[in-house]
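Going by my numbering, 305 is the number at position 244 of the sequence shown; the sequence numbering is gapless. Don't be surprised by glycine CBs; every beta carbon is placed ideally from N, CA and C. The structure appears below as structure tokens.
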Amino acid sequence: MNEKNQNYNNQGYDMNYSNGNSNGYNNYNEHNDDMNYGNNGNNNYNEPYYNDQNYYNNFNNQNFNGNYENQNYNYNNKKNNNTTIFIIIGIVVAIIGYYVATNYIFIDKFDISNYYTVNVDGISGEAKAEILPKEATGDESKKSSNLKLKNFLDKANIKFELSKSEAIQNGDVIQVNAIYDTRLAKFNKIKVINDKFEIKVSDLPNPVKDISEVKNLSQIKKLYENYFISELGRRTDYYSTLYEILGMYSGKDSNGQAILRIYSKIKSRNMYYDGKAVEYDYLELSNLMQNSNNEIISATRATITSDSNLNGEMNSQEMDSRLRLEGFSKIN
């Protein structure tokens, strides 16, 4: 029985078979090892590439996400910046609008020059300046506005400062400064304009000191000679007297100002006129004033006077010599 069991156990047991199978198994395993190696090799070779692709994709996705977020951020920033700019512009426009409204639209203007004027009176070198009121000019249809300005005019206590008010002569510049209640003006929404200005003095009459500078002397001579003739004709009897105009002479008064005299000779027909055969009268013009064009514009005319220093018959040369002694020379 033991033999049968041994034979049974021994049958089919072949070391070679086992070895063969073992070899086959080993070969199969080796083959599998080769396959695994190949697969491992392929896997090891492909995985880095695949990982690179994933890295690239992940990198791109990261960049794309980052750019998208940046774009959203920039867009929001631009939107916020635009809103801020519009707000600033709105504030500036509002400020400008308020300034324009309060200073130009809803405000009344009070022009000093429409209510006051600078009056300069006198001769150049001795003139005086003063501020005089005058009637307001402008649009009288704006009665409410005018009433408002009139009330301001009555209550503002306007005063004036002049840089020069005396001894004014041609060419002087006078600066004028108006002083008024600024709080009252602001309260009543009144804008005072021309409250500071200056004027240049001109056309004041100048005393004539040098008669040779007078440009209209021939007209003055003719004017007063005609007057003199008319007066002589009125005062004398044509049938008993003869008269003639001898000419115009110039001299100076005690102040060094020029004076003019027009002389005439009156002769009695019967040689017994007031005990004299000949009488010499003159018409004197003093306080001669001229304008900036050196033209006489005013003079003080005296009454006709007889010159006691002249008597008897004299020719023109003798008369000129006699008058030169008195400080007068003939004007041709």
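Residues sharing a beta bridge with residue i, DSSP
i, result
"ILE240", "LYS220"
"ASN394", "Residue 394 lies beyond the stretch modelled for the chain, which goes from 62 to 393, so this question has no answer here."
"GLN351", "ASN267, ILE357"
"ILE229", "ALA188"
"LYS252", "LYS170"
"GLY308", "TYR324"
"LYS313", "ALA319"
Residue i - DSSP class collapsed to helix/strand/coil
i, result
"PHE258", "strand"
"ALA246", "helix"
"MET375", "coil"
"GLU292", "helix"
"ALA155", "helix"
"ASP381", "helix"
"SER279", "helix"
"SER273", "helix"
"PHE286", "Per the sequence shown, residue 286 should be read as Glu rather than Phe. Helix, per DSSP."
"ILE149", "helix"
"ASP342", "strand"
"THR366", "strand"
"THR297", "coil"
"VAL234", "strand"
"PHE389", "coil"
"LEU214", "helix"
"LEU303", "strand"
Buried or exposed (CB count within 10 angstroms, at least 16 for buried), residue i
i, result
"ASN87", "Note on ASN87: pLDDT 41, under 50, position unreliable in the model; no value is reported."
"ASN104", "Low confidence applies here, because ASN104 scores a pLDDT of 42, under 50, leaving its location unreliable and the question unanswered by this model."
"ASN143", "exposed"
"LEU293", "buried"
"GLU340", "buried"
"SER325", "buried"
"GLY388", "exposed"
"GLU374", "exposed"
"ASP314", "exposed"
"ILE150", "exposed"
"VAL275", "buried"
"VAL234", "exposed"
"GLU259", "exposed"
"SER185", "buried"
"SER353", "exposed"
"SER311", "buried"
"LEU344", "buried"
"ASP342", "buried"
"ASP264", "exposed"
"LEU208", "exposed"
"VAL153", "exposed"
"LEU386", "exposed"
"PHE171", "buried"
"LEU307", "buried"
"ILE272", "buried"
"ILE229", "buried"
"LEU346", "buried"
"SER382", "exposed"
"ILE219", "buried"
"ALA217", "buried"
Presumed contact (8 angstroms Cβ cut-off) between residue i and residue j, rounded CB distance
i, j, result
"LYS328", "ALA338", "7 angstroms"
"LEU214", "ASP169", "The pair is not a contact, with the Cβ atoms about 12 angstroms apart (cut-off 8 angstroms)."
"MET350", "ASN231", "Not quite, the Cβ-Cβ distance comes to about 12 angstroms (not below 8 angstroms), so this is no contact."
"ILE192", "TYR176", "With 8 angstroms as the limit, ILE192 and TYR176 do not qualify as a contact, their Cβ atoms being about 10 angstroms apart."
"ASN277", "GLU379", "With a Cβ gap of about 30 angstroms, ASN277 and GLU379 do not count as contacting."
CB contact below 7 angstroms: residue i versus chain B
i, result
"ASP342", "Included in the structure is just one protein chain, with no chain B present."
Measuring CB atoms only, is the stretch 370-382 touching the stretch 287-306, in the sense that at least three cross pairs come out at less than 8 angstroms?
With the rule of 3 Cβ pairs closer than 8 angstroms, the stretch 370-382 does not count as touching the stretch 287-306.
_Does the stretch 303-321 come into contact with the stretch 231-245, if we say contact requires no fewer than three beta-carbon pairs (one atom in each stretch) closer than 8 angstroms?_
Output reads no: the stretch 231-245 does not touch the stretch 303-321.
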